[in-house]
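Visitor: One line per chain: the protein sequences are S and H, in this order.
Using this note's numbering, the first residue of the first sequence is number 1, and each one after it goes up by one.
Using this note's numbering, the first residue of the second sequence is number 1001, and each one after it goes up by one.
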Amino acid sequence: MHNFLSLKILDKCERMFSTFGIDYNLMRQILQVKLTMDQRRVPTIFNQNAKQETKNQFLKSLGLYALYGLILIPFIVFGENYIFQMGIVFGIAMFMLMMSMISDFSTVLLDIRDKTILDTKPISDKTVSVAKMVHVCIYMTQLTGAFALIPLVVGLFTQGILFTLIFIVELVLMGLFIVVLTALIYIFILRFFSGERLKDIINYVQILLSISIIVGYQIVARSFEFVELDVSFTFQWWHVLIPPIWFGAPYELILNQQLSNTNIVLSLLVLLIPILSIFIYARLVPSFERNLQKLLNNSGTNKKKRMRINQVWQRLVCRSELEKTFFQFSSLILKQEREFKLKVYPSLGMGIVFPFIFLFSYISTNSFEELSSSKLYVTIHFCNLIILTVVHMLRYSSNYKAAWIYQTAPINNKFVIYRATLKAFLVKLYIPIFGLVSIIFIAIFSYQIIPDLIIVFLTALLITIITYRLINNKVYPFSESFAFAQDSSTTAITFLIMFIIAISAGVHFMITTIPFGIYAYGVILFVANLISWKKILPTKVAISKR
Amino acid sequence: MIIIETSQQKVISLKKLTMNYGGNRVLTGVDLDVYQGQIIGYIGPNGAGKSTTVKIMLGLVDGYRGSVEIFDQDIANGDQAYKQRIGYVPEGGDLYDNLTACEYLTFTGRLYGLNEQEAEYKASRLIEKFGLEDVFHTRISAYSKGMKQKVLIIASLLHDPDIIFLDEPLNGLDANSVMIIKEILSQLAEEGKTIFYSSHIMDVVEKISNRIILLADGKVIADGSFEDLRQKNKEGTLEEIFNQLTGFNQHKQIADDIVSIVKEVEGDA
């Protein structure tokens, strides 16, 4: 096991822990094991291209956090409107750190294995809970350090030493605040909801984090022209409710000598709230530990969910009883499997955002009227990028071993399984996304683009079946471990399909210049769909000998 | 080798079944006829090929040599219809646990040709009998091991199969549930169902099976009722017979070694 730097630093404080009655050697042992496990966990921030075998994902993810930290620099460098600038800086920092705290560190805060492993050994409760706290603090320090180090150095050179000192003190307070706030949120949720609900909430936070990183990256890359920092800040009473603004106040107070009452109050909040929340936390910890047990027991709801819409879709898109069965099964998995959602839903967010990115960059140089009379609606083809990710992911599941059921069941035509799964994807994930973007596009470009939208949809159906054939050919859905999701052999095919999507947008664009060409194109696509779906996933097969 | 003749019909017939896994011979020639109404206790040391045999019969594993006939149909002919009459409880207890018991059981029931309402109604009644009605609409991921096992057992019985393959089906079940399952198995056998039971727990196998098959090194080394085996091998329990037939007699020596190592650590501390 690795001897961690953080532990070596901690060794200097051995005396302090001992005086509080904590068995330092034991605590160090526990922390060493926990830090080793952290290294082997894949952080959410890597979700998009995770490879599980590579060592020390954690260190690498710190590098990524450092990269994201660069976003802060413009806000630090320009101007001396501190309450505004630093408000934004702390807003971004709090958001990022809070999100990663919840998505990656929940496993530590909510670890119930701790109970069976540690509580049965001759270790005092105090040592265990302090070890947990120190562990969280080490994580937070590393994360904040990685995120804020470069902005700190930049601040030192552009804004001076005093600025940097305030920054450091505030970062420490913010770190404490976030740790405690996260814990308090968990305490609150566990108190009123079941463990299953908490897992759902964590899952949604993870998805949100992934989406905001992808989307944020896209927006930040294009948004430097928007950054004009001569916004004037006038205090409103509700600003008190926004923590990042508190963190801006001390700068005004100390650096700009603005001794107004509001600045003093806000600065006091920065100091007092984190300390106060630690006390509340200390009071609530025992009940938290008790409620953690909820995660173990089966306290989910026992209500049957009605799926009327599903019934309608089933009848609409499926022919045989078997196909309906698999359609329903796949719909349920798409909706309920957390790991699948974590891998797939962020790319759905991308599917929504991508078409608009092009419109935004167009509108920054042209008027809205020019946009709505242009042919830029073909950018909706970028929605089809989600097909690529999702169809690829359809073969993976965290319960991949349960796929024995496909083979032990009396099914002669296995193609029905893939047909149903692809249809479930189209109905449950693609159509809602595409529909949403379509409605906005109709609002921008008028109802006259409806035939074009139908063309895009027909293209999507064709790309779905092609992608299936190229990537998932005859692999059962939900039958492989996510560990293999980053198989490099599919990379070439991925590019091929992206190329096909780009070509289809291009062809569509050219067809629109031919009068009535679009209708002919529609018929061609329809026939192509009919043939390829029939050919690749036949509804009837002859029984073949092995 | 003793072949038990019954007036009943032959339902499974394995002939010269061999199987290689990457040059490693897992089955070296299994010949076996199973008749309707038998409860077969299928035992053998780890790695003897028990699971492989079962998986071949279920169509989970390909590439075997020899012939496998179930209900007088060679399963290599590609028609999957014979699986309609088979139920299976796998050993790992793997199922799609993001679904609720209701959803999973309805799904598997429909796979075997029940319609949706029928499958759900039957599943709900069976779930109630196993005392799980409070969690019928809760995700299986929140279940304990024993509860999951009950769901798997229900899933294997839902379509009223004629042959049931069970791989360590009592895993995680409490004593009361174990009694229920044992009773179910013997009643089903009386009804003419065939049960193929593989397990490592010898006293359960000893009690419930009316025919015991011992597999070692990829072939059948003993076949007969418990009484037959006892007379032949002059040993008291199935466990002892098992040890004798598989040539294992160092358990005492190994245990002695382990205990002395454990003591050593204690002395040093």
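We treat Cβ as the ideally placed atom computed from N, Cα and C, and that holds for glycine.
1. Return no unless some Cβ of chain H is closer than 9 Å to the Cβ of S/L332.
2. Closer than 7 Å, Cβ to Cβ, to anything on chain S: give me those residues from the region 1090-1105 of chain H, in chain order.
3. Between S/S331 and the rest of its own chain, which residues show a CB-CB distance below 7 Å, the 5 nearest in sequence each way excluded?
4. Check for me: the beta strand (DSSP E) holding H/R1025 runs from which residue to which?
5. Would you kindly work out how many angstroms separate the C-alpha atoms of S/G522 and S/I511, rounded to a whole number?
6. In terms of residues, what are the limits of the alpha helix (DSSP H) holding S/F360?
7. Using 8 Å for Cβ pairs, my map puts H/V1204 next to H/L1170. What's the rounded Cβ distance?
8. At the level of alpha carbons, what is the spacing between S/G87 and S/F247?
9. Would you tell me roughly how many angstroms separate the C-alpha atoms of H/V1151 and H/G1059, rounded to the nearest one?
10. Within 10 angstroms of its Cβ, does S/I503 collect 16 or more other Cβ (buried), or is it exposed?
11. So, under 8 Å CB-CB, S/I83 and S/Y251 are touching, yes? Tell me the CB distance rounded to an integer number of Å.
12. Closest by CA to S/F445, which one among S/Q257, S/A403, S/I380?
13. Output yes or no for whether 9 Å exceeds the beta carbon distance between H/V1220 and H/A1155.
14. Which complete alpha helix (DSSP H) runs does the region 185-217 of chain S hold, if anything under 4 residues is left out?
15. Let's see if you can read the secondary structure: which residues bound the beta strand (DSSP E) around H/R1211?
16. Just by C-beta distance, which residues in the region 1070-1083 of chain H are closer than 8 Å to chain S?
17. Between the region 1125-1136 of chain H and the region 341-348 of chain S, do at least 3 Cβ pairs fall closer than 8 Å?
18. What in chain S is Cβ-close to H/G1108, meaning under 7 Å?
19. Go ahead and label S/I531 buried or exposed: buried means 16 or more other beta carbons lie within 10 angstroms of its beta carbon, across all protein chains shown.
20. Return no unless some Cβ of chain S is closer than 9 Å to the Cβ of H/T1138.
21. Verify the CB distance criterion: does S/L537 have a CB-CB separation below 9 Å to chain H?
22. Check the Cβ of S/N412 against every Cβ in chain H and list those closer than 9 Å, keeping chain order.
23. Spatial neighbours of H/T1194 within its chain, please: C-beta separation below 7 Å, excluding the five flanking residues on both sides.
24. Between S/T421 and chain H, is there a C-beta pair that is closer than 9 Å?
25. Grab me the residues of S/L458's own chain with a C-beta within less than 7 Å of its C-beta, minus the 5 sequence neighbours each way, in chain order.
26. Which bits of chain S does H/G1059 rub up against, with CB to CB less than 8 Å?
27. Within 9 Å (strictly less), CB to CB, does H/Y1088 reach chain S?
28. State yes or no: is the C-beta of S/A146 within less than 9 Å of the C-beta of S/G63?
29. Between S/N399 and chain H, is any beta-carbon pair separated by less than 9 Å?
30. Say whether chain H places a C-beta atom closer than 9 Å to the C-beta of S/E225.
31. Quick one: does S/L72 have its CB under 9 Å from some CB of chain H?
32. Where do the ends of the beta strand (DSSP E) carrying H/K1016 lie?
Guide: Let me lay it out:
1. As a first step, residue 332 of chain S must be located in the first sequence, where it is residue number 332. Closer than 9 Å to some Cβ of chain H, the Cβ of S/L332 qualifies, so yes.
2. P1090, G1092, D1094, L1095, Y1096, D1097, N1098, L1099, C1102, E1103
3. The residue labelled residue 331 of chain S in the question sits at position 331 within the first sequence. Excluding sequence neighbours, S/S331 sits near N310, A424, K428.
4. Within the second sequence, the letter at position 25 stands for residue 1025 of chain H. Residues 1024-1035.
5. Indexing the first sequence from 1 puts residue 522 of chain S at position 522. Indexing the first sequence from 1 puts residue 511 of chain S at position 511. About 10 Å.
6. Working through the first sequence from its first residue, we reach residue 360 of chain S at position 360. Element bounds for S/F360: 338-363.
7. Along the second sequence, read from residue 1 onward, the residue named residue 1204 of chain H stands at position 204. Along the second sequence, read from residue 1 onward, the residue named residue 1170 of chain H stands at position 170. About 7 Å separates the two Cβ atoms, so the contact holds.
8. Position 87 of the first sequence, counted from the first residue, corresponds to residue 87 of chain S. Position 247 of the first sequence, counted from the first residue, corresponds to residue 247 of chain S. Roughly 6 Å between the two C-alpha positions.
9. Within the second sequence, numbered from 1, the residue matching residue 1151 of chain H stands at position 151. Within the second sequence, numbered from 1, the residue matching residue 1059 of chain H stands at position 59. Using only the alpha carbons, I get a separation of about 22 Å.
10. Numbered from its first residue, the first sequence carries residue 503 of chain S at position 503. Exposed: under 16 other Cβ atoms inside 10 Å.
11. Mapped onto the first sequence, residue 83 of chain S falls at position 83. Mapped onto the first sequence, residue 251 of chain S falls at position 251. Sure, about 7 Å apart at Cβ, within 8 Å.
12. Here the question's residue 445 of chain S lines up with position 445 in the first sequence. For the residues S/Q257, S/A403, S/I380, the minimum Cα distance to S/F445 belongs to S/I380.
13. Sequence index remark: in the second sequence, residue 1220 of chain H carries index 220 (1-based). Sequence index remark: in the second sequence, residue 1155 of chain H carries index 155 (1-based). Cβ distance not < 9 Å, so H/V1220 and H/A1155 don't count as in contact.
14. none
15. Within the second sequence, numbered from 1, the residue matching residue 1211 of chain H stands at position 211. Per DSSP, H/R1211 belongs to the beta strand (DSSP E) from 1211-1216.
16. A1076, N1077, G1078, D1079, Q1080, A1081, Y1082, K1083
17. no
18. For the purposes of this step, residue 1108 of chain H is identified with residue 108 of the second sequence, where counting begins at 1. Gly is not the amino acid found at residue 1108 of chain H; the sequence shown has Thr there. Going along chain S in sequence order, the residues near H/T1108 (Cβ under 7 Å) are I405.
19. Counting from 1 along the first sequence, the entry for residue 531 of chain S is found at position 531. The residue in question, S/I531, is exposed, as its Cβ has fewer than 16 Cβ neighbours within 10 Å.
20. Stepping through the second sequence from its first residue, residue 1138 of chain H is reached at position 138. Yes, because at least one Cβ of chain S sits closer than 9 Å to the Cβ of H/T1138.
21. Taking the first residue of the first sequence as position 1, residue 537 of chain S is located at position 537. No, because no Cβ of chain H sits closer than 9 Å to the Cβ of S/L537.
22. Position 412 of the first sequence, counting from 1, holds the residue named residue 412 of chain S. Result: G1078, D1079, Q1080, A1081.
23. Taking the first residue of the second sequence as position 1, residue 1194 of chain H is located at position 194. Closer than 7 Å at Cβ, skipping near neighbours: V1011, V1034, Q1036, G1037, Q1038, D1162, I1163.
24. Along the first sequence, one-based indexing puts residue 421 of chain S at 421. Cβ-Cβ to chain H under 9 Å: no for S/T421.
25. Along the first sequence, read from residue 1 onward, the residue named residue 458 of chain S stands at position 458. Only G522, L525, F526, N529 meet the Cβ criterion.
26. Counted from its first residue, the second sequence places residue 1059 of chain H at position 59. Neighbours of H/G1059 on chain S, chain order: Q407, T408.
27. Mapped onto the second sequence, residue 1088 of chain H falls at position 88. Interface residue, yes.
28. By 1-based counting over the first sequence, the position of residue 146 of chain S is 146. By 1-based counting over the first sequence, the position of residue 63 of chain S is 63. Their beta carbons are under 9 Å apart, which means S/A146 touches S/G63 by this criterion.
29. Taking the first sequence and counting its residues from 1, the one referred to as residue 399 of chain S is at position 399. Yes, because at least one Cβ of chain H sits closer than 9 Å to the Cβ of S/N399.
30. Translated into the one-based positions of the first sequence, residue 225 of chain S becomes position 225. Here S/E225 scores only 48 on pLDDT, less than 50, and its place in the model should not be relied on; the value that follows carries that caveat. Not one chain H Cβ lies under 9 Å of S/E225.
31. In the first sequence, residue 72 of chain S corresponds to position 72, counting from 1. Taking Cβ atoms only, chain H never reaches closer than 9 Å to S/L72, which makes this a no.
32. As a first step, residue 1016 of chain H is located in the second sequence; it is residue number 16 there, counting from the start. 1010-1021 is the extent of the beta strand (DSSP E) around H/K1016.
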